[in-house]
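So the structure is just underneath, and the comments pick up after that.
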Amino acid sequence: MNSIRKLLLFIAIGTLSVPVANAQSVKQLEALCALGNVDECFKLGWMYSKGEGVRQDKSKAVELYTKACDGGYADGCSNLGLMYLRSEDVRQDMLKIAELFTKACNGRSAIGCGNLGLMYQRGEGVQQDNSKAVELFTKACEGGDATGCNNLGTMYNKGEGVRQDKFKAVELYTKACGGGDALGCRNLGVMYERGVGVRLDKSKAVELYTKACDGGYADGCSNLGLMYLRGEGVRQDMNLATELYGKACDLREERGCKEYARLKSGAR
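So the sequence shown is numbered by numbering that gives the first Met the number 0: it starts at 0 and just counts up by one.
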């Protein structure tokens, strides 16, 4: 049961965000939400979930997302599902979470489709079905969810639920990276580094790992550190390699911690 929860967090699923509001606008949002304006309920839910413009209150966020979802706001259903998925305070109900993501996807929430696709891929809350996962990742990607593009790219890369196609994987990783998905940038970097589905280009791999690392993806930092360590696609720089491994470690990646310790000890 915990596997899907870890996977979803690991892939860093996005949620629709809203601008931070000031105290006056918070009161206005509350008044509009009370009148049944589900858009404003959703915005308030996001603010309470993140502690943006208000004191963080996840229970309040759940209440507001529920109101938005019940009112037909699809992204409210998706974010509500994520709240239940990430909650440390309640027992996980994967059937309920799958139900919420289904409702979100049916309401044309691209993120909801992507989240539901992950559940089908893992067989959590639904029967495992890679073909269904591909269908849902496709809907997510076509709907503008960059993470959905990345996940679909991985299905093509591995040949899971679809005929393996490395060129298609590169196309999808490119779309994901262009849409701001850090893991998509890392995955595309691997394809360029290895010359899989695209001409081998170490310099391009360095550029992509840099984007992934700057985007907060730890493995991107470690991969970039290795490129500097070896001098591949970039001038060798041991100090920068050490710094990058340290950043990966700070982002809680075990390989980064081990390599940082090894380099700091003087080992080569």
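We treat Cβ as the ideally placed atom computed from N, Cα and C, and that holds for glycine.
Thinking C-alpha only, which one of the options is nearest residue i?
{"i": "L250", "options": "R162, L34 and A211", "result": "A211"}
{"i": "K263", "options": "R229, N238 and R254", "result": "N238"}
{"i": "T241", "options": "Y259, R54, F100 and T65", "result": "Y259"}
{"i": "L207", "options": "L187, A132 and C32", "result": "L187"}
{"i": "G255", "options": "Q235, A60 and L228", "result": "L228"}
{"i": "C104", "options": "G147, R234, R54 and C32", "result": "G147"}
{"i": "M118", "options": "G106, R107 and K95", "result": "K95"}
{"i": "G196", "options": "T209, T153, G232 and Q235", "result": "T153"}
{"i": "K66", "options": "L135, L99, C184 and A109", "result": "L99"}
{"i": "L34", "options": "S58, L63 and D56", "result": "L63"}
{"i": "G143", "options": "S130, G177, S58 and E159", "result": "G177"}
{"i": "S86", "options": "Y155, S48, D213 and C40", "result": "S48"}
{"i": "V169", "options": "G183, G44 and G80", "result": "G183"}
{"i": "A97", "options": "T173, G111 and A217", "result": "G111"}
{"i": "V205", "options": "Y191, A60 and R198", "result": "Y191"}
{"i": "Q120", "options": "D56, V133 and S108", "result": "V133"}
{"i": "N129", "options": "N156, V161 and K167", "result": "V161"}
{"i": "R107", "options": "A30, C68 and R198", "result": "C68"}
Tell me the rounded alpha-carbon separation between residue i and residue j.
{"i": "K26", "j": "G52", "result": "11 Å"}
{"i": "M46", "j": "D180", "result": "22 Å"}
{"i": "E252", "j": "E123", "result": "25 Å"}
{"i": "C140", "j": "Q163", "result": "18 Å"}
{"i": "K76", "j": "D200", "result": "Note on identity: in this sequence residue 76 is Cys, with Lys being the wrong assignment. Whole-angstrom Cα-Cα distance: 42 Å."}
{"i": "R193", "j": "A175", "result": "19 Å"}
{"i": "D74", "j": "G265", "result": "50 Å"}
{"i": "C32", "j": "G113", "result": "27 Å"}
{"i": "G275", "j": "C220", "result": "Because the chain here runs from 0 to 267, residue 275 falls outside it and cannot be looked at."}
{"i": "F136", "j": "G71", "result": "22 Å"}
{"i": "R261", "j": "Y83", "result": "40 Å"}
{"i": "K257", "j": "V233", "result": "23 Å"}
{"i": "Q127", "j": "M93", "result": "13 Å"}
{"i": "L81", "j": "Q235", "result": "42 Å"}
{"i": "G44", "j": "G158", "result": "38 Å"}
{"i": "L171", "j": "G215", "result": "20 Å"}
{"i": "K203", "j": "C40", "result": "43 Å"}
{"i": "T173", "j": "K167", "result": "10 Å"}
{"i": "L8", "j": "S24", "result": "Low local confidence applies: a pLDDT of 33 at L8 is under 50, so the model's placement there is unreliable, with the coordinate-based value given in what follows. Distance between the alpha carbons of L8 and S24: 31 Å."}
{"i": "R54", "j": "A60", "result": "11 Å"}
Mind checking which residues open and close the alpha helix (DSSP H) that includes residue i?
{"i": "G111", "result": "A109 to R121"}
{"i": "G75", "result": "A73 to R85"}
{"i": "S264", "result": "It is not in any alpha helix (DSSP H) - S264 carries neither H nor E in the DSSP assignment."}
{"i": "N238", "result": "M237 to D249"}
{"i": "V37", "result": "V37 to K49"}
{"i": "L63", "result": "K57 to D69"}
{"i": "L99", "result": "M93 to N105"}
(message) Tell me whether the region 221-228 and the region 236-256 touch, counting them as touching only if at least three CB pairs, one residue from each stretch, are closer than 8 Å.
(response) yes
(request) Taking only runs that begin and end inside the region 136-216, name each unbroken alpha helix (DSSP H) of 4 or more residues, in chain order. (result) 145-157, 165-177, 181-193 and 201-213
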